[in-house]
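Comments concern the structure below.
Numbering (the working numbering), first residue to last: 4 to 135.
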């Protein structure tokens, strides 16, 4: 019985520990690096196509610098025009090359969802962020 209780306590501690450490890292102050994993390209009246982000021109890696209010990809930097922080998420918005974008990061896990849209197209990207 003692071994079972010890095993349960170890399991609870190991699953709780990462969440405690990550929450402070996604505070909207610490620079982050984000990796895109999955993307969808959508046009009106058609089924969205799933692909790798790089295949549709989206960056594979991005650096978020909250102090400079920028998101930097491999070929350009874009300003963060709007920033909102809640208990559950960081929400950033801006515009670039005729597109509006939104990037949202879960403050507990670092999971990221982003949209890049104009009047003709929508791109949705999923990924994850970590401390730079």
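Every residue, glycine too, gets a C-beta built ideally from N, C-alpha and C.
Sub-8 Å separation of residue 116 and residue 102 beta-carbons = no
Between which two residues does the beta strand (DSSP E) harbouring residue 58 extend?
-> Unbroken run through residue 58: none, as it is neither H nor E.
Taking only runs of the beta strand (DSSP E) that begin and end inside the segment 64 to 90, which ones reach a length of at least 3 residues, in chain order?
-> 64 to 68, 73 to 75, 80 to 82 and 85 to 88
Taking the continuous alpha helix (DSSP H) assigned at residue 28, which residues delimit it?
-> 5 to 28
Distance between residue 73 and residue 81 (C-alpha atoms, nearest Å) = 6 Å
Measure the C-alpha to C-alpha separation of residue 122 and residue 64 and round it to an integer number of angstroms.
-> 26 Å
Do you know how far the Cα of residue 133 is from the Cα of residue 120?
-> 25 Å
Assign residue 34 to buried or exposed, taking buried as 16 or more other Cβ atoms, counted over all protein chains shown, within 10 Å of its Cβ.
-> exposed
Residue range of the beta strand (DSSP E) that includes residue 108 | 102 to 109
Going along the chain, which residues of its own chain have a beta-carbon closer than 6 Å to the beta-carbon of residue 125, five neighbours each way excluded?
-> 45
How close, in whole Å, do the beta carbons of residue 39 and residue 61 come, if the pair is a contact with beta carbons under 8 Å?
-> 6 Å
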